[in-house]
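So the structure is just underneath, and the comments pick up after that.
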Amino acid sequence: MLWDFLQAYQKIIYVSLSIFIFIAFFLSRKLVTRYLFALLLKVSNHTWNGFFVQLRASFERSIQGLFVILGVYLAVVVFPYFQHTNTFFLQVIRSAIIFMVGWGLFHLASSSSLLFAKLNERFRFNIDSILIPFLSKAVRVVIVAISFSIIAQEFGYDVNGFVAGLGIGGLAFALAAKDALANFFGGIIIITEKPFTIGDWILTPSVEGTVEDISFRSTKIRTFAQALVTVPNATLANESITNWSKMTKRQITFNLRLTYDTPRDRIERVVSQIKQKLQANNAIHQDTIFVHFDQYQENGLDIFLYFFTNTTDWGAYLQIREEVNLMILEILETEQVTIALPTQKLFVANEADSFAQQKEEKRRETDFQSE
């Protein structure tokens, strides 16, 4: 009986020690992680810049989880009544470690746009900004696939057989996923042809707005009404795309219609002064300026104006257009020229003329019948 009491007492001691080890590792996980990153920062002689902030944010919980897993393993090891060499236990520990490492890499890849941008800037890979989020998502998919494969192999599953088994139903899978594949290859076409990039203002038959993101399936576009429109890549790749952000200058063209009673010399002076003012304006692109008396209309004489602004900014463009309109009004006021209004003239005959016209028509009709 004394031996049984000693064995029970010994088990209590080992259980208490195991629980103490687990609690110690669990409570100290944050402190150890903090000092580990501080040591890494000191060894690498860096400060908390963008990359290290992302690295810490991505791996902080993963390292804490690894520290807890280590505590579980040591708590089991010190307990002699448990076969810590048990195959299933070791598989669970290794799988948990793989999961934590993959979790950290997954979070790092989700914010790796900054990493790709830094690499692009430093090594001059010439990676387009629209490709960076796409690569980030591709890296995340690869990380998940590799982590899943390693964990499956830890438990004895044949990943190669699983992949080969997919080939049996490959045709049915391809038919079911044809839309997803079409969108995926549509995204590839958009990335390779580069009709736009992140932040560009585009116009398509489906939507107009600013490109915010592109994924494997779709492209997200923010409209000017601040609505977020998601367009499938297959649809976008088959549409005509107007990229307004690629403009080097903005067009201004309109007709200025003057009244028919405007003298010729005043028309010539108006045309000449408008052209001179445009040529003297630094905000106007000087290579293409057309101001000409163009054509006769039903209610006026048209002066054709065609030129471009140097800026492509919408607000600055509207300001320049306003200045040009005010300048034209000033010239018209100086020359005392009137802008034609869309009017019609109606000629009405008086009653006597109308009676005489009817009498003449009757006389002509009588003469025609007599002949």
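Using the numbering used here, you'd call the opening residue of the sequence shown number 88 and step up by one each time.
C-beta: ideal position from N, C-alpha, C; glycine also.
To the nearest angstrom, report how far apart leucine 153 and isoleucine 100 are at their CA atoms. 26 Å
Is the stretch 329-343 touching the stretch 286-304 in the sense that three or more CB pairs, one from each, lie closer than 8 Å? Judged by Cβ distances under 8 Å, the stretch 286-304 makes contact with the stretch 329-343, as three or more pairs qualify.
Host alpha helix (DSSP H) of threonine 421 (start-end): 401-422
Does any residue of chain B have a CB that is nearer than 8 Å to the CB of glutamine 313? You won't find chain B in this structure, because it holds only one protein chain.
Tell me whether threonine 421 is buried or exposed, calling it buried when 16 or more other Cβ atoms sit within 10 Å of its Cβ. exposed
Relative to the C-alpha of alanine 63, which residue among Arg304, Leu123, Phe242 is closest? Because the chain spans 88 through 458 in this model, residue 63 falls outside it and cannot be assessed.
Could you round the C-beta distance between glutamine 275 and leucine 343 to whole angstroms and report it? I think they count as a contact, below 8 Å. The sequence given here places isoleucine at residue 275; glutamine does not occur at that position. Going by Cβ atoms, the distance from isoleucine 275 to leucine 343 rounds to 49 Å, so no, they are not a contact pair.
Per-residue DSSP class, three states only, for isoleucine 328: DSSP places isoleucine 328 outside both helix and strand once states are collapsed to three, so it counts as coil.
N-terminal and C-terminal residue of the alpha helix (DSSP H) that arginine 353 is part of: That run of the alpha helix (DSSP H) goes 351-367.
Identify whether serine 305 lies in helix, strand or coil by the three-state DSSP scheme. strand
8 Å Cβ cutoff met for isoleucine 237 and alanine 196: Cβ distance not < 8 Å, so isoleucine 237 and alanine 196 don't count as in contact.
Looking at the secondary structure, which residues open and close the beta strand (DSSP E) in which threonine 396 lies? Its beta strand (DSSP E) spans residues 387-396.
Between lysine 364 and threonine 279, what straight-line distance do the alpha-carbon atoms span, to the nearest angstrom? For lysine 364 and threonine 279, the distance between alpha carbons rounds to 45 Å.
Taking the alpha-carbon of isoleucine 150 as reference, which of Phe341, Thr396, Ala125, Val119 has the nearest alpha-carbon? Val119
Valine 358 Cβ short of 7 Å to the ligand NAD heavy atom set: As presented, the structure is devoid of all ligands, the ligand NAD included, so that no description of it is given.
Provide the residue(s) that pair with leucine 343 in DSSP beta bridges, ordered along the chain. For leucine 343, which the question treats as bridged, DSSP gives the partners Ile390.
Comparing C-alpha positions only, which one of Arg337, Ile301, Glu147 sits nearest to serine 223? Ile301
Just verifying my parser: in three-state terms, what is the DSSP assignment at threonine 174? helix
Answer yes if the stretch 306-313 comes into contact with the stretch 349-358, meaning at least three C-beta pairs across the two stretches below 8 Å, and no otherwise. no
Only counting the same chain, and skipping five residues up and downstream in sequence, which positions put a Cβ closer than 6 Å to that of threonine 425? Cβ within range, chain order: Thr346.
Collapsed DSSP secondary structure at leucine 428 in the structure displayed: In this structure, leucine 428 counts as coil in the three-state DSSP scheme.
What does DSSP give as the partner residue(s) for tyrosine 383 in the beta ladder? For tyrosine 383, which the question treats as bridged, DSSP gives the partners Leu388.
Which word fits valine 140, buried or exposed, when buried means at least 16 other C-beta atoms lie within 10 angstroms of its C-beta? exposed
Euclidean distance between Cα positions of phenylalanine 112 and phenylalanine 283: 51 Å
Measuring alpha carbon to alpha carbon, tell me which of Val298, Leu405, Arg337, Ile339 ends up nearest leucine 323. Val298
Given that a residue counts as buried once 16 or more other Cβ atoms are within 10 Å of its Cβ, and exposed if not, what is phenylalanine 107? exposed
Beta-carbon within less than 6 Å of leucine 388's beta-carbon, same chain only, minus the 5 sequence neighbours each way: which residues are those? Leu345
Note down the Cα distance separating asparagine 397 from arginine 227, rounded to an integer number of angstroms. 43 Å
Could you have a look at phenylalanine 107 and say whether DSSP puts it in helix, strand or coil? helix
Less than 6 Å between C-beta atoms, sequence neighbours within five positions excluded: which residues of the same chain meet that for lysine 362? Val378
Assuming phenylalanine 460 contacts valine 159 (C-beta within less than 8 Å), just tell me the rounded distance between them. One cannot answer for residue 460 here, as it falls past the ends of the chain, which runs 88 to 458.
Assigned secondary structure, phenylalanine 377 (DSSP; H/G/I helix, E/B strand, else coil): Reduced to three states, the DSSP call for phenylalanine 377 is strand.
Assuming valine 358 contacts isoleucine 390 under a Cβ cut-off of 8 Å, what Cβ separation, rounded to an integer in Å, is found between them? About 6 Å separates the two Cβ atoms, so the contact holds.
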